[in-house]
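Here our numbering is used: the first residue of the sequence shown is -3, the next is one more, and so on.
Report on the structure given below.
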Amino acid sequence: PELFYALPWSYGTIGFLSSVKCRIIKAKPFVHVTYIPTFSAKDLSSKMNEIASDKNAPDFLEATGYSKDKAVIQCARFADVSEASQKSSVNYINRFWKPFYYKWVETALDKGQFEEYIPVKHYYHRFTRSIFWELEDMIPFANHPLYRVLWGWMGAPEVSLLKLFQGPVIRKSSMYAHAVQESIIPLTILEEGISRFDEWYGIYPLLIFPVRVYDRKGLSGMIHPRKDLLLPGKNYGIWVDIGAYGVPRAIKQGRRWNAKKIVREMEDWTRHVGGWQALYTDVFCTERELEAMFDHSLLHKARKRLGCEKAFGSVYSKIRPEPGLLDLSDVLEKEMREAKEEAAKKMN
């Protein structure tokens, strides 16, 4: 089990996973989705905590924030559709002429709470057509009815191809004038998280995905929850992933946006509250700071036992920005001074 639990978030530092054998459970063909509008971060936080902590919590739970105060919670459960009333409320959200899913969800702010049925495959790909909400930054009129009807069938551009052909100038711009950042924090401080993301990024919509994190003690791997953040009497706690994707408000307003300062503030706050940063994003931390955020103990143990240390680099070497994009010399110098001071104290 050590290797199994060390693999998540290991970023290819243990080896190459060539095949997986697993058991699957047959799923029902539809999901029954309920859309619940909220009009304050406090109300959103309260309702998300209540729903996520319930013993009969839905199969899927998420929210989409449309401003600092307005959001729509989406609760979904696997379902069958057999009755005429159910069939009449089936929404094939990914048909190319349909509005983007996040735009459809937003309508709950005006018409109030409602529910519908969505085919499972459509639901799994609810953000594929619009690349969450990034497509409108590339094609501003992509959600216009005329565009959807005439060209929507082509789908979204392939992100991997876009990245393949971007040069160093565009890559740097995507890092310093555009944000793709996620902070996974305890659900109990969601209200504070929304306020901070509004201050740091001012990007909407905002992704809000709760997640249950288990304490497996020595087998917890990189994501090892703090004991004081677990639910009373449980071996798990509930965290929430807040994601900002797009052009920061300051950039849109023609103002300066200090990416290094802001992302480092987010990383520091995330560490302080017992959370984690999504590592596929642009990280602005040092390796020491990364190891303070993520528990590397099981990974180091597995790498040493399997002889991976000479074959594969560290997690940090895999996820840090390309050379020349980020200058952390000032931070590294400070870390070195602190390490020398600490060593001197121990000697005395």
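For glycine and all other residues, C-beta sits at the position ideal for the given N, C-alpha and C.
In this text, all values refer to a predicted model and were calculated from it rather than measured experimentally.
Run through the stretch 178 to 215 for me and flag every whole beta strand (DSSP E) of 3 or more residues, listed as ranges in chain order.
-> Taking only runs of at least 3 residues, the beta strand (DSSP E) segments lying wholly in the stretch 178 to 215 are 202 to 210.
Own chain, CB closer than 8 angstroms to I89, minus 5 neighbours either side, in chain order = What you label residue 89 is simply residue 93 of the sequence shown in a count that begins at 1. For I89, same chain residues with a beta-carbon under 8 angstroms away, outside a window of 5 residues either side, are Y97, W100, I114, H118, Y119 and R122 in chain order.
Just curious, the beta strand (DSSP E) that V29 is in, first and last residue?
-> Residue 29 sits at position 33 when you count from the first residue of the sequence shown. For V29, the enclosing beta strand (DSSP E) stretches over residues F26 to T34.
Is the stretch 265 to 284 close to the stretch 172 to 192, with three or more CB pairs under 8 angstroms?
-> The stretch 265 to 284 makes contact with the stretch 172 to 192: 3 or more CB pairs, one atom from each, lie closer than 8 angstroms.
Ignore the nearest five residues each way along the sequence and tell me which others in K64's own chain have a CB closer than 6 angstroms to its CB.
-> Translated into positions along the sequence shown, residue 64 becomes position 68. Here the set comprises D194.
Specify the secondary structure class of P141 as computed by DSSP and reduced to three states.
-> In the sequence shown, the residue the question calls residue 141 occupies position 145. Correct three-state label for P141: helix.
According to DSSP, is R245 helix, strand or coil?
-> Within the sequence shown, numbered from 1, the residue matching residue 245 stands at position 249. Of the three classes helix, strand and coil, the one that applies to R245 here is helix, per DSSP.
Can you name the start and end residues of the alpha helix (DSSP H) that A2 belongs to?
-> Working through the sequence shown from its first residue, we reach residue 2 at position 6. From DSSP, the alpha helix (DSSP H) with A2 extends over E(-2) to A2.
For S325 versus E283, is the C-beta distance shorter than 8 angstroms?
-> In the sequence shown, residue 325 corresponds to position 329, counting from 1. In the sequence shown, residue 283 corresponds to position 287, counting from 1. Cβ atoms of S325 and E283: not closer than 8 angstroms.
Coarse secondary structure for Y232, derived from DSSP in three states = Walking along the sequence shown from the start, residue 232 turns up at place 236. In the structure shown, Y232 sits in a strand (DSSP, three-state: E or B).
Select from V236, W265 and V327 the residue whose C-alpha is nearest the C-alpha of I204.
-> For the purposes of this step, residue 204 is taken as the residue at position 208 of the sequence shown. The option with the nearest alpha carbon to I204 is V236.
Mind checking whether E318 and E285 have CB atoms under 8 angstroms apart?
-> To locate residue 318, count along the sequence shown from 1; it is residue 322. To locate residue 285, count along the sequence shown from 1; it is residue 289. Contact flag unset, no.
Short Cβ contact (8 angstroms threshold) for S85 with E112 = Locating residue 85 in the sequence shown gives position 89, where the first residue counts as 1. Locating residue 112 in the sequence shown gives position 116, where the first residue counts as 1. For S85 and E112, yes; Cβs fall inside 8 angstroms.
Count the CB pairs spanning the stretch 22 to 39 and the stretch 66 to 86 that are closer than 8 angstroms, and state whether there are at least three.
-> They touch, by the three-pair rule.
Inter-residue CB distance, P95 and N139 (contact presumed, cutoff 8 angstroms) = On the sequence shown, position 99 is the one that residue 95 refers to. On the sequence shown, position 143 is the one that residue 139 refers to. 6 angstroms between Cβ atoms; contact.
DSSP on A59, reduced to helix/strand/coil?
-> For the purposes of this step, residue 59 is taken as the residue at position 63 of the sequence shown. Strand.
Give the single residue among L225, Q82 and S293 whose Cα lies nearest to the Cα of L215.
-> Against the sequence shown, residue 215 aligns to sequence position 219. Comparing Cα-Cα distances from L215 to each of L225, Q82 and S293, the minimum goes to S293.
Given 8 angstroms, three or more beta-carbon pairs between the stretch 297 to 304 and the stretch 8 to 20 | The stretch 297 to 304, when compared against the stretch 8 to 20, does touch it at the 8 angstroms Cβ threshold.
Contact set for E(-2): own chain, Cβ-Cβ below 8 angstroms, skip 5 residues either direction | Looking up residue -2 in the sequence shown gives position 2. Counting only residues of its own chain and dropping the five nearest sequence neighbours on each side, E(-2) has a CB closer than 8 angstroms to the CB of L215, L294, K297, A298 and R301.
Return the chain-ordered list of same chain residues with a C-beta closer than 8 angstroms to the C-beta of K43, the five sequence neighbours on each side being excluded.
-> Here residue 43 is taken as the residue at index 47 of the sequence shown, counted from 1. The beta carbon of K43 sits closer than 8 angstroms to the beta carbons of I32, T34 and I69 from its chain, once the five residues preceding and following it are set aside; these are given in chain order.
Please work out which residues of its chain come closer than 6 angstroms, Cβ to Cβ, to W253, disregarding the five sequence neighbours upstream and downstream, and give them in chain order.
-> Locating residue 253 in the sequence shown gives position 257, where the first residue counts as 1. Answer for W253: P244, A246 and I247, listed in chain order.
Roughly how many angstroms separate the alpha carbons of A340 and W265, rounded to a whole number?
-> Along the sequence shown, one-based indexing puts residue 340 at 344. Along the sequence shown, one-based indexing puts residue 265 at 269. Rounded to whole angstroms, A340 to W265 spans 29 angstroms at the Cα level.
Identify, in the order they occur along the chain, each residue of the same chain with its Cβ nearer than 8 angstroms to the Cβ of W149, setting aside the five sequence neighbours on each side.
-> As a position in the sequence shown, residue 149 is number 153, starting the count at 1. Cβ within range, chain order: F92.
In this structure, does DSSP put W147 in helix, strand or coil?
-> For this step, residue 147 is matched to residue 151 along the sequence shown. W147 sits in a helix when the DSSP states are folded into three classes.
Just to confirm, are M134 and D278 a CB contact at a threshold of 8 angstroms?
-> Position 138 of the sequence shown holds residue 134. Position 282 of the sequence shown holds residue 278. No; because the gap between Cβ atoms is not below 8 angstroms, this pair is not in contact.
Cβ-based burial, I127 [other Cβ within 10 Å; buried from 16] = If you number the sequence shown from 1, residue 127 lands on position 131. Answer is buried; the Cβ neighbour count reaches 16.
Can you tell me the Cα-Cα spacing of T30 and Q109, whole angstroms?
-> By 1-based counting over the sequence shown, the position of residue 30 is 34. By 1-based counting over the sequence shown, the position of residue 109 is 113. Distance between the alpha carbons of T30 and Q109 is about 7 angstroms.
DSSP state of I69 mapped onto helix, strand, coil = Translated into positions along the sequence shown, residue 69 becomes position 73. The answer is strand: DSSP assigns I69 an E or B state.
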